[in-house]
Amino acid sequence: MAARIWIFSVAVALFLSFSSGHDLQIVNAERRIDLSSHIVNAFLTLKVENIGKDPAADMLLAFPPTQIKHLSMVQAMAITGKKKKKTYLPLDVKPTEQPDAPNDTGYFLVSFATPLTPGETVTLEVLYILTHSLEPFPSEIAQSESQLVYYRDSAVILSPYHIKQQTTFFKTPSARVESFTSVDPANRAGKEIKYGPYEDRAPYSYAPVIVHFENNSPFVVVEELVREIEISHWGSLQITEHYRLTHGGARHKGVFSRVDYQSRRSISGSSSFNALLAVLPPKVNSVYYRDNIGNISTSHLRTGFKKSELEFEPRYPLFGGWRATFIIGYRVPLEDYLFEAPDGRRYLNFTFGCPLVETIVNKLTIKVVLPEGSKDPSTVLPFTVNQDLQVKYSYLDIVGRTVVVLQKDNVVPTHNVPFQVYYTFKPIYMLAEPFMLVSAFFFVFVASLAYVHIDLNIVKK
Amino acid sequence: MGGKQDPTANGSPKSESMGAKKASPDLLNSSFSFKSLKLKTKQQELLLRVSILGLVYVLAFIARLFSVLRYESMIHEFDPYFNYRTTLYLTEKGFYEFWNWFDSESWYPLGRIIGGTLYPGLMVTAALIYWTLRFLRFFVHIREVCVLTAPFFASNTTIVAYFFGKEIWDTGAGLVAAALIAICPGYISRSVAGSYDNEAVAIFALLLTFYLFVKAVKTGSLSWALGSAFGYFYMVSAWGGYVFIINLVPLYVLVLLITGRYSMRLYVAYNCMYILGMLLAMQIRFVGFQHVQSGEHMGAMGVFLLMQVFYFLDWVKYQLNDTKLFQTFLRITVTSAILVGGIALGVGTASGYISPWTGRFYSLLDPTYAKDHIPIIASVSEHQPTAWSSFMFDYHILLFLFPAGLYFCFKRLSDATIFIVMYGLTSLYFAGVMVRLILVATPAVCLISAIAVSATVKNLTSLLRTKQKVPQTGSTKGVGSSKSSSKVTLDQSQPFQKNGAIALLVGVFYLLSRYAIHCTWVTSEAYSSPSIVLAARGAHGNRIIFDDYREAYYWLRQNTPTDAKVMSWWDYGYQITAMGNRTVIVDNNTWNNTHIATVGRAMSSYEDEAYDIMRSLDVNYVLVVFGGVTGYSSDDINKFLWMVRIGGGVYPVIKEPDYLVNGEFRVDKGASPKMLNCLMYKLCYYRFGELVTEYGKPTGYDRARGVEIGNKDIKLEHLEEAYTTSNWIVRIYRVKPPTNRL
């Protein structure tokens, strides 16, 4: 304990000694929070000015502790140029710790492309995505009821910097808003609730608000998704995806009536969903959709040049709290995804994330099964994931196949970006399996030949 | 025979088999000679025979794959789901866990000792195949192994049928038998891919045991008898139908004794087979001491003792050398032996040491027994007496060839043919008693018909050949001239013999080709439906799939508490535990009639009475199957009278006439008030009265029975609708907890 206090005090001292961050101020901030689906997208436009004497290389973004654990992704871009000639420059964002963080505030550090000289201003676009942030209230609803949710946030932007002027907009999916906390000036027009403009708010200002509104968009939550990508150098990539899906909205209460569901679809079960859409790669073939008791026959596949769409239904419509597990498998031609690097290694270039649209994945595991005999796997990813190596035995394997396991929590569709797995592979290993089969047949024939020719009788006839 | 240099190798396996069967049957002893590339006749014949058998083997397998191609690789029907579940358990937990498995998920609250109440042969076979494949680095799923077990064993059965046919007649008959049994609908009905049931391996084991026993009797060899004992052990481990073997074999021995065909060979074969077979069979926990204690097995023991008496008498006769003395001795011994046997049987039965015959056994001997005494056996459709049409459907031309085959068998009577005749006649009788036992008769019918086909064709072709040979004798030098010239003398007997023979041959081939077409058609149309997934033709000829069963079971599996208890009629018990993974009250094992009757009583009571029963059984969900929307006729309403009968058999408060109006079962306005308000009716038709099922019909029109239902205003008090599948085939209700008492 004493040691911790000591470390803490040293850290505070260190922080104070180079706390140049406080020399920034935000001239103008606009925040637009899109609440229309169950994935909350927030767009933040910040105009940042360096009011200190030293150049600032980075700035902090602060998030309240309730949001930090639901934060799936933070992206920042610097805008240069005016109006029509705007160019976006992606900036490096990484989570960071601040020792003097009040009330467990979480931070992200945005590094500017070029350090901000004193007096200079820069405009930043920040996108952050929150999952599991809409709390259904009432938490249990009957089949005929509509789903209402709470969204909690602050009317003013939490920031370690002084903000001169700011506005926040909440966009709700429908005009039905039960209530919202009023922090003057605040007003609502149709689907939009506007908080602000607020002038001159001190660092770490916070004004909690609750918005209670109707949201019947499908709360598709994949509790666990395991994607297995098996590379076969014989020409295809077999992908198998194990889903454990649930409806993350208000729990279904009481009766499920089929009569109501099929005859009064518009008012009955409005928050439920029974159709899902997966965006698969083009040229996909051998698609299947099943679960552990067999094939599910309700699916349609549309293949295209840019993408293929698999439209499918779970066995039953999903109401709040209901679950469905299923497996989707497909095959794609190898030449589109496997390449040879200049240094002779091979690499797989595939999309991370979940193919289902508008879905939160609580736990995503991607297993890349390399061909038998592959060595030295390494991965290239735009964000950090947990990595591990395993061994898998498949058809006719002797030493087993190396499996690169990538694991990430809280994944949203924005994470669907390409990643690469590099490995070395000698083509001679490809011949191992055919050789085994050939030799097995050969031995069968040799054995039968021997059987015919060897006399096993003890007594001579 | 030596003159057969060009065997008729034109196309169909059957015609090839005709040519092939001519040669002498020593298959294994023939050695290849590589000195000349040209094959000798014997080698040609061997090549032909092996390739025909290979083709038949493959054919038997692929003919059973219709269901996989048309639907998917899935387990069919009811019992196979239990077998699949236990196999899964076996492969996951190992043999000892499996053997000691107490299943608390079925027969709640009683549970079921799985290891002691099942025939493990099928599961162990599938698990062994699975483990072997995994060892050989073929990482298949256990489901695929289970689905393909039946076709694989059907293929093996064809090989056994070949050897059996060869044993009782000749290689030609063996080949024909293999070809006939490969596609015989009576067998295919129980061995299509996915029909993962005990019968799948049991028919193989049955035929193997019989074949080995016949071989043992023929040779008097201990090794064959030992083989047949192990075959019998496999059969016992696989299917309850082993009782057929243990009664048929002694009966056969008895017939041989009576007809004076007693020999040392028979003595060795039967004693070895019986003693070893018995000891081995007792290792199966489900059989155990029943094998020496129950009434069904007593015959075998009696014949065993009789055999010893016979041997003893033979020995005494040999020692005495005095006929008069021997006659007296014979009289005394036989009387005392019968007396001792009778007393032992009487005392054993009276003291309860020897259990009497079971109801199932009785119902086999007396077709009307089950109907009067055991409604639970009578309620199963496959236990009904067989209609003539289903004989025709399952046997087709074999039905006509069978008597012909019997004629040939009697014409050339031997130990082996006596066996096949007895097997054929007894099994055909049982097939007449119960539809499902057509399966047991199929191998016998195929073998005997094969004898008919083979013998007929052989006779006809030999006629043709000798006719042809007459002008040829001069040109073909030496080869077989002596034999054909000897036949020439026979030929002059009838004038139109050649034409007649050709016509008859064409007729036979036509019949056989019709048989092949019929078998394929039956397999594809009737026997390849998994019955879990229902398929129908839509208005535009498109295929509509009703996958409601799996929808409901999967809903149960995913969206109910893991310890939920589901009450349904016993038909769906295995499927609910296997696919829904939930505890059931009763299932297809039907070992406890009272428990089933309790469920039957709950279904046929008023809701509040049923609620008390359901509360006492801790029921959380009730599942009913309802075909009123789709017109699916094998639903719970149509099975309802059996529930009433079985329930009423134990609880006399349930009376069948209460549910009938003038002896007629109705669901419309004219139905009896008890019917209109019993739990089953309410659960099936809840809110059905609001639905329009067919254009131009009133609401609540039941398409399965073609009537408008009588009670459209159904209120449920203690239950609520939890889930109904998209076509309403399965409806699940939640049992509400009791309301708080104030």
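Taken in order, these protein sequences are the chains called W and L. For the first sequence, full-length UniProt numbering assigns the number 1 to the initial residue and increments by one for each residue that follows. For the second sequence, full-length UniProt numbering assigns the number 1 to the initial residue and increments by one for each residue that follows. C-beta: ideal position from N, C-alpha, C; glycine also.
In this chain, PHE435(W) is not harboured by any beta strand (DSSP E); it is covered by the alpha helix (DSSP H) spanning 432–453. Of the residues ARG582(L), THR562(L), LYS42(L) and VAL192(L), the one whose Cα lies closest to the Cα of SER73(L) is VAL192(L).
Under the three-state reduction of DSSP, GLU296(L) is assigned to helix. Annotated as proximal: PRO151(L) and LEU65(L), with beta-carbon spacing under 8 Å. The residue from HIS76(L), ALA387(L), TYR71(L) and GLY174(L) with its alpha-carbon nearest to that of ARG49(L) is GLY174(L). GLU720, GLU721, ALA722, TYR723 and THR724: these are the residues of the region 697–727 of chain L whose beta carbon lies less than 7 Å from some beta carbon of chain W, given in chain order. Interface annotation for the region 287–316 of chain W against chain L: ASP291, ILE293, GLY294, ASN295, SER297, ARG315 and TYR316, criterion Cβ-Cβ distance under 7 Å.
Under DSSP, the beta-bridge partners assigned to GLU228(W) are THR240(W) and LYS367(W). Here the alpha carbons of ALA536(L) and VAL236(L) stand approximately 40 Å from one another.
Taking the beta carbon of ARG550(L) as reference, the chain W residues within 7 Å of it are ILE293, GLY294 and ARG315, listed in sequence order. Restricted to the region 568–634 of chain L, the alpha helix (DSSP H) segments that are unbroken, complete and at least 4 residues in length are 593–604 and 607–616, listed in chain order. Each residue's CA atom was taken as its position, placing GLU125(W) and LYS367(W) some 34 Å apart.
Around the beta carbon of HIS247(W), 16 or more other beta carbons lie within 10 angstroms, which makes this residue buried. Taking the Cα positions, THR298(W) is about 50 Å away from LYS82(W). ASN588(L) sits buried, since 16 or more C-beta atoms from the chains shown fall within 10 Å of its C-beta. DSSP places TYR71(L) outside any beta strand (DSSP E), giving it a letter other than H or E. Taking all protein chains shown into account, GLY165(L) has 16 or more neighbouring C-beta atoms within 10 Å of its C-beta and is therefore buried.
Relative to VAL667(L), the option among TYR232(L), LYS639(L), LYS655(L) and PHE391(L) whose CA is nearest is LYS639(L). For ASP388(W), there is no enclosing alpha helix (DSSP H); the enclosing beta strand (DSSP E) has its first and last residue at 386–392.
The residue among TYR128(W), ASN103(W) and ILE51(W) with its C-alpha nearest the C-alpha of GLN75(W) is TYR128(W). When the five nearest sequence neighbours on each side are left out, the beta carbons in the same chain lying within less than 7 Å of the beta carbon of SER531(L) are those of HIS76 and GLU77, in order along the chain. A Cβ of chain W is located within less than 8 Å of the beta carbon of GLN558(L). Neighbours of VAL259(W) across chain L, judged by C-beta separation under 7 Å: ARG687, GLU690 and LEU691. Here DSSP, grouped into helix, strand and coil, assigns MET434(L) to coil. Of all residues in the region 60–87 of chain L, only GLU72 and MET74 come within less than 7 Å of chain W when Cβ atoms are compared, listed by chain position.
Here DSSP, grouped into helix, strand and coil, assigns VAL667(L) to coil. When Cβ-Cβ separations below 8 Å define contact, MET579(L) makes contact with chain W. Within chain W, no residue has its CB atom less than 9 Å from the CB of TYR369(L), the nearest being about 38 Å off.
Within chain L, the residues whose beta carbon sits less than 8 Å from that of TYR395(W) are ARG137, PHE138 and PHE139, listed in sequence order. Along the region 169–216 of chain W, the beta strand (DSSP E) occurs as fully enclosed runs of 3 or more residues at 177–180, 186–189, 192–201 and 208–214, listed in sequence order.
Sequence-distant partners of GLY346(L) (beyond 5 residues in either direction) whose C-beta falls short of 8 Å from its own C-beta are missing from its chain.
Per DSSP, ASP563(L) lies in no alpha helix (DSSP H) segment and is marked neither H nor E.
Within chain L, no C-beta atom comes nearer than 9 Å to that of VAL226(W); the closest sits roughly 16 Å away. Comparing alpha-carbon positions, the option among GLY373(W), ASP409(W), PRO317(W) and ALA101(W) lying closest to SER394(W) turns out to be GLY373(W).
Per the DSSP secondary-structure output, PRO418(W) pairs in a beta bridge with THR351(W). Around the beta carbon of VAL692(L), fewer than 16 other beta carbons lie within 10 angstroms, which makes this residue exposed.
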